[in-house]
Amino acid sequence: MNINQLILSSLKKNLKNYYLYVFALIFTVALYFAFVTLQYDPAMDETKGTIKGAAAIRTASILLVAIVSIFLLYANNIFIRRRSKEIGLFQLVGLTKGKILQILTIENLILYFSSTIIGIFIGFSVSKLIMMILFKITKIDGIAALSFSLEAFIQTLIVFSVIYLFIILMNWFFIKKQSILSLFRVKSSTEEKVKKVSIFEMIYGIAGILLIILGYYISSKLFGGDFVSLNELFLAMVFILAAVIIGTYLFYKGSVRFIFYLIRKKKDGYLNINEVLSLSSIMFRMKSNALLLTIITTVSALAIGLLSLSYISYYSAEENAEYVVGGDFAFIDMKDSELFKATLAEHQIDFIERNIEVLQVEANLENIIVSNLDESILTSDLTRMPVPVISEKSINMDVSKGEVRFTGYNDMLNRFLTFKDSGNLELIGKQHTVPLTFKGIQKDKYLSYYFTAGGIPTAIVDDTVFQTLKKDIDPTIQGEYSLHIGIDLNEDDKIDEAAKLFTSSFHEDTMNLSRIERSDEQKHLYGLTMFIVGFLGLTFLITSGCILYFKQMDESEDEKSNYTILRKLGFTDGDLVKGIQAKQIFNFGIPLLVGLLHGYFAVQSGWFLFGTEVWTPMIIVMVLYTALYSIFGILSVIYYKKVIKEAL
Amino acid sequence: MGMNILEANKIHKSYGNKFNKQEVLMGIDLRIEQGEFVSIMGASGSGKTTLLNVLSSIDKVSDGTIYIEGKEMTAMKEKQLAEFRKHYLGFIFQDYNLLDTLTVKENILLPLSITKTPKRAAEEKFKAVATDLGIYDIKDKYPNEISGGQKQRTSAARAFIHEPSIIFADEPTGALDSKSASDLLNKLSDLNQKRKATILMVTHDPVASSYCSRVIFIKDGKIYTQLNKGEQSRQIFFQDIMKTQAVLGGVPHEY
């Protein structure tokens, strides 16, 4: 047998064993190539929009390279270890280390570059689809064309060649460091000696859980007003990060072991097959994987958190636009509104016009609002808070004299200032104070942001009260504008046409607003972020899933002798597979659950800074993540099945 | 004569395909009665381990039948075999075959957990067998914390605890020093007496065989001869075994 045959035969064997590695390699190349193609596509200029957008895509492609190279190096590390026996054998029969490296290098070259080429081809064929998705979510009318980008091709080749060189370098170091004997022993030396749970492990096991809980607790207080200055806020965030990450590490290092130890202790030696395969095995293995699991969990949590937040922003874009623009279109200038009305009429688009006169009046809201904020950071005093006031007449509503209703309320506001169901308040004019009974608050929005200071609810009063207040206004607190002209279309399907007319009629820097344009603008902005985060998140998910799978492959080989024993004792392979399923639920479930929990608390602490809807987007993200992640768990069970079958 | 626990008729075992066939067992007939402590001896390559694997259902025969307690094992499917193993068979191996992530006690209790024996009964059985084998004090230790002799006694305890019809032991003293080996053999022979346990042991060590009541010699896949201990002392029986083994060794002494 000459070297070439040797290479070919080991390549064939490896392909069978490491199909997932090859798949992951192809997949990551495809993702990277598609992403870089996007980056170089001229049709993307509009999506990138600003310099910021272009920078975001650049940064993302660098991050992508980082994730991919760490993954490939790590995976290679696992595989070279698995093959240490083979390498030892080569040495034993007299091959030099240089020759062995040559074999590995050629073998990797074939495997690696054929995967790269396939990956590029797949990436090329899906790049149009990916671009279409991007255009769709960023609401851009771009035309996605399938074009092969030479620049992207070269960049991909360069990046993966560099990674390949690193892999060869790593293999060289590995081979060089080893003696024949240690090569045969390498597998067992990486394993943890089985020992009893020590007091230290118990202590940091408990400390880990406590740290995580403390981190969660502080995160729930983060924007609640306990941390006032920017400095304090920053320190609190650093503390949360540190507490949760260290806590996670200790959790894997000690807590899991400690908890499983307690369960086992209670069984008093009498374990069933599921416990034998899951509890006892994980107890010893999770500890040695603590660092890896911590990284995977933390980055997963980051991915889940960022994805949720960017999806929340995206999802809330429409609702957000409603707060900003009072009506489908909003004007403060009569001339502009007349012009637009004429244009609409010309194109036979029916609409309703609403002219609303707005006063800014200070109000004493002490009795109807519960503040969840620290007094010190409230910018305005609850007893003298300026609120926009409009008349019942202007919106065709009926409010009795002596009563007041509020409108334009949102979840974000509710977090900080909660309105009671009823109570009394005072509107404070320059000379007189008008006492009114509060009759509740509703969600409808009538005014644009420059009347509501971004989100303060609008008071609706009886017209006579309104007229009284008007005569008694404090000119110093009045805004620049006092008239809101809102135009609502009767038919929703004409909205795009109307929006086009609007854009062609007015300059961008007027105070005239279009709700749909505003919403699309936000979708454009958050869509790109969401796309990039999603792309990175997906890559990370797949690479980390693969790594956990590879680890499980290793573990199943290590435990094969155990399966032999158990089958000799009379357990069927069905019994064992059931036990393995339990084990994999823990193995994949624990990091997933911890990642989801971290992500959940991260989102809960600050979602309101990003949007107005939290549950739907967050749950969608989490379910998707869990589903994709589970695939790797299922794959690993399938692999175990094979090992168990072969065990007797 | 008691009843036959194990009855093997004309068992054949061959490996390879029809072009390159290697016959390892060539028609072996074997009867083992309840309470017997039988040893199978033979040079390496004689087929003794294959015989043990076949008799203990770990390997399948190519031809012939095996009955254990009157049940035909050779006709069973994989699932039935697993069921059969858990109730009727116990195993002791040269390399202990303990799960190193389980404590001594957990290892020993495994066979009872398969048969879903109630916890209280399991506890009693454990205490009895662990005390008999002198490993009760180390019950909470892990296998890598105890000596080879203790490991093998743990393995033996696991084989005895569910009171199987027959216990198969594959070179149980192979990895032990002579002190631990004689310790283990004394314990096995005690348990054989006390519990009326049937034991079938494969070994190449004449000392180990001398603890048995009967020794079967195998050569080239066939039974060569048998020796019965009868009333003679272990020393004398040992001499007999040595002599037979010398003849069996096939090295002609005539010259």
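As they're listed, the protein sequences go chains A and B.
Once you know that position 477 of the first sequence is 477 in this note's numbering, the rest is easy, because the numbers rise by one and skip nothing.
With the second sequence counted from 1, adding 648 to any position gets you this note's numbering.
We treat Cβ as the ideally placed atom computed from N, Cα and C, and that holds for glycine.
Keep in mind it's a predicted model, so treat the numbers as computed, not measured.
>> Distance cutoff 8 Å, beta carbons only. Does residue 701/B sit that close to anything in chain A?
In response: So, not an interface residue.
>> With a threshold of 8 Å between beta carbons, is residue 215/A in contact with chain B?
In response: no
>> Can you pull the chain B neighbours of residue 261/A, defined as C-beta to C-beta under 7 Å?
In response: Correct list: empty, because the minimum Cβ distance to chain B is about 11 Å.
> Any C-beta of chain A sitting closer than 8 Å to the C-beta of residue 663/B?
Replying inline: no
>> Can you confirm whether the region 676-690 of chain B touches the region 737-755 of chain B when touching is taken to mean that 3 or more C-beta pairs between the two stretches lie within less than 8 Å?
In response: Contact between the region 737-755 of chain B and the region 676-690 of chain B is absent, because fewer than three Cβ pairs lie under 8 Å.
> Under a Cβ-count criterion, where at least 16 other Cβ atoms within 10 Å of its own Cβ denotes burial, should residue 27/A be classed as buried or exposed?
Replying inline: buried
> How would you list, in chain order, the residues of chain A whose beta-carbon sits under 7 Å from the beta-carbon of residue 770/B?
Replying inline: 270
>> Please confirm whether residue 684/B has its beta-carbon closer than 8 Å to some beta-carbon of chain A.
In response: no
> What is the rounded straight-line gap between the Cα of residue 681/B and the Cα of residue 703/B?
Replying inline: 14 Å
> Straight-line CA distance for residue 8/A to residue 24/A?
Replying inline: Cα to Cα, residue 8/A sits roughly 21 Å from residue 24/A.
> From this set, 701/B, 716/B, 717/B, which residue's C-alpha is nearest residue 710/B's C-alpha?
Replying inline: 701/B
>> Just checking: is the beta-carbon of residue 579/A within a distance shorter than 8 Å of some beta-carbon in chain B?
In response: no
>> I want to see whether chain A comes within less than 8 Å of residue 886/B, judged by CB atoms only; does it?
In response: No, its Cβ sits nowhere closer than 8 Å to a Cβ of chain A.
> How would you write the range of the beta strand (DSSP E) that residue 715/B sits in, first residue to last?
Replying inline: First-last of the beta strand (DSSP E) with residue 715/B: 711-716.
> Quick one: Cα of residue 300/A to Cα of residue 596/A, how far?
Replying inline: 8 Å
> From which residue to which residue does the beta strand (DSSP E) around residue 440/A run?
Replying inline: Residues 433-442.
> Is residue 519/A buried or exposed, if buried means 16 or more other CB atoms sit within 10 Å of its CB?
Replying inline: Buried, by the Cβ-count rule.
> Between the Cα of residue 565/A and the Cα atoms of 716/B, 758/B, 666/B, which residue gives the shortest distance?
Replying inline: 758/B
> If you measure from the beta carbon of residue 753/B to each beta carbon in chain A, is any gap under 8 Å?
Replying inline: The beta-carbon of residue 753/B is placed less than 8 Å from the nearest beta-carbon of chain A.
> Between which two residues does the alpha helix (DSSP H) carrying residue 771/B extend?
Replying inline: 767-780
> How about residue 665/A and residue 449/A: do their beta carbons lie closer than 8 Å?
Replying inline: Nothing can be reported for residue 665/A, as the shown portion of chain A is limited to 1 through 648.
>> Tell me the DSSP secondary structure of residue 481/A in three-state form.
In response: coil
> How would you list, in chain order, the residues of chain A whose beta-carbon sits under 9 Å from the beta-carbon of residue 759/B?
Replying inline: 569, 570
> From residue 191/A to residue 749/B, what distance separates their C-alpha atoms?
Replying inline: Annotation note: pLDDT 47 at residue 191/A (below 50); position unreliable, no value reported.
> Can you name the start and end residues of the alpha helix (DSSP H) that residue 386/A belongs to?
Replying inline: First-last for residue 386/A: 385-391, but that is the beta strand (DSSP E), not the alpha helix (DSSP H).
> Does the beta-carbon of residue 476/A have 16 or more other beta-carbons within 10 angstroms, so that it is buried, or is it exposed?
Replying inline: exposed
> Helix, strand or coil: which one does DSSP assign to residue 12/A?
Replying inline: Looking at residue 12/A - three-state DSSP - the assignment turns out to be helix.
>> Starting from residue 892/B, trace the alpha helix (DSSP H) in both directions and tell me its first and last residue.
In response: 882-896
>> Nearest by alpha-carbon distance to residue 539/A: which of 276/A, 69/A, 234/A, 400/A is it?
In response: 69/A
> Would a check of beta-carbon distances place residue 276/A closer than 8 Å to chain B?
Replying inline: yes
> Whose Cβ in chain A lies nearer than 8 Å to the Cβ of residue 747/B?
Replying inline: 276, 280, 562, 565, 566
> Using CA coordinates, which residue listed in 137/A, 153/A, 425/A, 132/A is at the minimum distance from residue 143/A?
Replying inline: 132/A
>> Applying the 10 Å Cβ sphere with the 16-neighbour rule, what's the burial state of residue 148/A?
In response: exposed
>> Please state whether the Cβ-Cβ distance between residue 344/A and residue 501/A is less than 8 Å.
In response: yes
>> Spatial neighbours of residue 362/A within its chain, please: C-beta separation below 6 Å, excluding the five flanking residues on both sides.
In response: 384, 386, 428
> In the region 713-738 of chain B, which residues sit with their C-beta less than 8 Å from some C-beta in chain A, listed in chain order?
Replying inline: 726, 727, 730, 731, 732, 733, 734, 735, 737
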